[in-house]
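Trainee: I have a structure here, written as structure tokens, and I will follow up with some questions on it.
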């Protein structure tokens, strides 16, 4: 696997970024990915400020390789969070779920590289205008919060590539070296992978969540909650209640009442697989065992190299 703009931008060996997923991406997962040659990201979206500080400091002890933090811009204490990131000397931030305009300049002033997650070429152009260093284009196959457009990764990447000259990272439905190769064939220079890393040994998701995910069949996840924030969920008891409510035209407030508080924490972290928001990507149906990060990274790199050799013979 050759070096490119993504590996150079972040100082990593392989252009593989681990998604900063809520309730999955703590310091153990992020440091394992960084130590294996990728870019590990802490998932700040499920951390109180003091918890984030703890994870940042443990990251510094666990790896001397590059790493970063994923920050959903809808975070309720966003200004405090950004202050912590700057004060703690974090070097890489991936922002999502909001406009990158407000914080990109401030982060750059602190010497921080910024990537932003988008679901359309329209928002990719806005990212370039905001001055971000790289763009993550995420198709609707991805787990968790998603784009309303329901554009697939294979459709999205070439359109974003035409719309912007920035370094481009593909996300959504990528779970093998073959799909990594395909993303690059479409114009991406790296990939961001969530589901595959969420189901590793180092992920902080509960064992019950991981076991449910590796038992999923095709079609066992669905994008819903568009009136609040589009989210891909496992079809469990909570999902069925949401789907029935959406079919009858429930309001956003009614949907929030059905979901309840700390829904993703219940589903991913606290073993309540049936009554929590169990967020995972479509590619989960192709994953059949929970492996350590080192095995996952080796499989991705070897799969990419083997695919490249095979395609050169065609």
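Numbering (the working numbering), first residue to last: 1070 to 1383. Cβ coordinates follow ideal geometry from the N, Cα and C atoms, glycine included.
#1: Use the C-beta contact count for residue 1279: other C-beta atoms within 10 angstroms, 16 or more gives buried, fewer gives exposed.
#2: As a quick exercise: from 1272, 1152, 1122, pick the residue whose alpha carbon is nearest that of residue 1099.
#3: Using the beta-carbon count (16 or more within 10 Å), is residue 1321 buried or exposed?
#4: Measure the C-alpha to C-alpha separation of residue 1260 and residue 1088 and round it to an integer number of angstroms.
#5: Does the structure place the segment 1355–1363 close enough to the segment 1217–1237 that three or more beta carbon pairs sit under 8 Å?
#6: Alpha carbon to alpha carbon, what distance is there between residue 1118 and residue 1186?
#7: So within the segment 1281–1362, which uninterrupted alpha helix (DSSP H) runs reach at least 4 residues, ignoring any that extend past its ends?
#8: Using DSSP with H/G/I as helix, E/B as strand and the rest coil, what is residue 1146?
#9: DSSP three-state call for residue 1203: helix, strand or coil?
#10: Please state if the CB of residue 1350 and the CB of residue 1210 are separated by a distance shorter than 7 Å.
#11: What separation, rounded to the nearest whole angstrom, lies between the Cα atoms of residue 1175 and residue 1197?
#12: Once the 5 residues before and after residue 1225 are set aside, which same chain residues still bring their CB inside 6 Å of it?
#13: Exposed or buried, residue 1313, counting other C-beta atoms within 10 Å across all chains shown (16 or more means buried)?
#14: Assuming residue 1169 and residue 1131 form a contact by the criterion Cβ under 8 Å, report the distance between their Cβ atoms to the nearest whole angstrom.
#15: Check whether the segment 1286–1303 and the segment 1100–1117 touch, using three or more Cβ-Cβ pairs below 8 Å as the test.
#16: Smallest Cα separation from residue 1343: which of 1183, 1357, 1182, 1305?
#17: How do the segment 1362–1376 and the segment 1143–1153 stand: do at least 3 beta-carbon pairs fall below 8 Å, yes or no?
#18: Using the Cβ count rule (16 or more neighbours within 10 Å means buried), how would you classify residue 1282?
#19: Is it buried or exposed, residue 1141, if we count other Cβ atoms within 10 angstroms and call 16 or more buried?
#20: Within 10 Å of its beta-carbon, does residue 1143 have 16 or more other beta-carbons around it, so buried, or fewer, so exposed?
#21: Determine the burial state of residue 1366: buried for a count of at least 16 other Cβ atoms within 10 Å of its Cβ, exposed for fewer.
#22: From the DSSP output, which residues share a beta bridge with residue 1163?
#23: Compare the C-alpha of residue 1222 against each of 1310, 1257, 1192, 1180 and name the closest.
#24: If you follow the beta strand (DSSP E) that residue 1110 is part of, which residue opens it and which one closes it?
Mentor: Taking the coordinates as given:
#1: Counting C-beta atoms within 10 angstroms of its own C-beta, residue 1279 has 16 or more neighbours from the protein chains shown and is therefore classed as buried.
#2: Ranking the options by Cα distance to residue 1099, first place goes to 1272.
#3: Flag for residue 1321 reads exposed.
#4: The alpha-carbon atoms of residue 1260 and residue 1088 are separated by roughly 9 Å.
#5: The segment 1217–1237 and the segment 1355–1363 do not touch, with fewer than 3 CB-CB distances between them shorter than 8 Å.
#6: Rounded to the nearest angstrom, the gap between the Cα atoms of residue 1186 and residue 1118 is 22 Å.
#7: Within the segment 1281–1362, the runs of alpha helix (DSSP H) at least 4 residues long that lie entirely inside it are, in chain order, 1306–1316, 1321–1328.
#8: Residue 1146: coil per DSSP, three-state reduction.
#9: The answer is strand: DSSP assigns residue 1203 an E or B state.
#10: It is a contact, given that the beta carbons lie within the stated cut-off.
#11: The alpha-carbon of residue 1175 is positioned some 16 Å away from that of residue 1197.
#12: Annotation for residue 1225: 1206, 1208 place their beta carbon closer than 6 Å to its own, counting only its chain and skipping 5 residues before and after.
#13: Answer is exposed; the Cβ neighbour count stays below 16.
#14: Taking a contact as a CB-CB distance under 8 Å, the pair residue 1169 and residue 1131 does not count as one, their CB atoms being some 28 Å apart.
#15: Flag = no, the segment 1286–1303 and the segment 1100–1117 do not touch.
#16: It is 1305 whose Cα lies nearest to the Cα of residue 1343.
#17: With a cut-off of 8 Å on Cβ pairs, the segment 1362–1376 is not in contact with the segment 1143–1153, counting fewer than three such pairs.
#18: Under this definition residue 1282 is a buried residue.
#19: Buried, because 16 or more other Cβ atoms sit within 10 Å of the Cβ of residue 1141.
#20: Under the 10 Å beta carbon count, residue 1143 is surrounded by fewer than 16 other beta carbons and is classified as exposed.
#21: Residue environment: residue 1366 is assigned as buried (16 or more neighbouring CB atoms within 10 Å of its CB, all protein chains considered).
#22: Here residue 1163 is bridged, per DSSP, to 1139, 1184.
#23: Among 1310, 1257, 1192, 1180, the Cα nearest to that of residue 1222 is on 1257.
#24: Segment 1109–1112, the beta strand (DSSP E) holding residue 1110.
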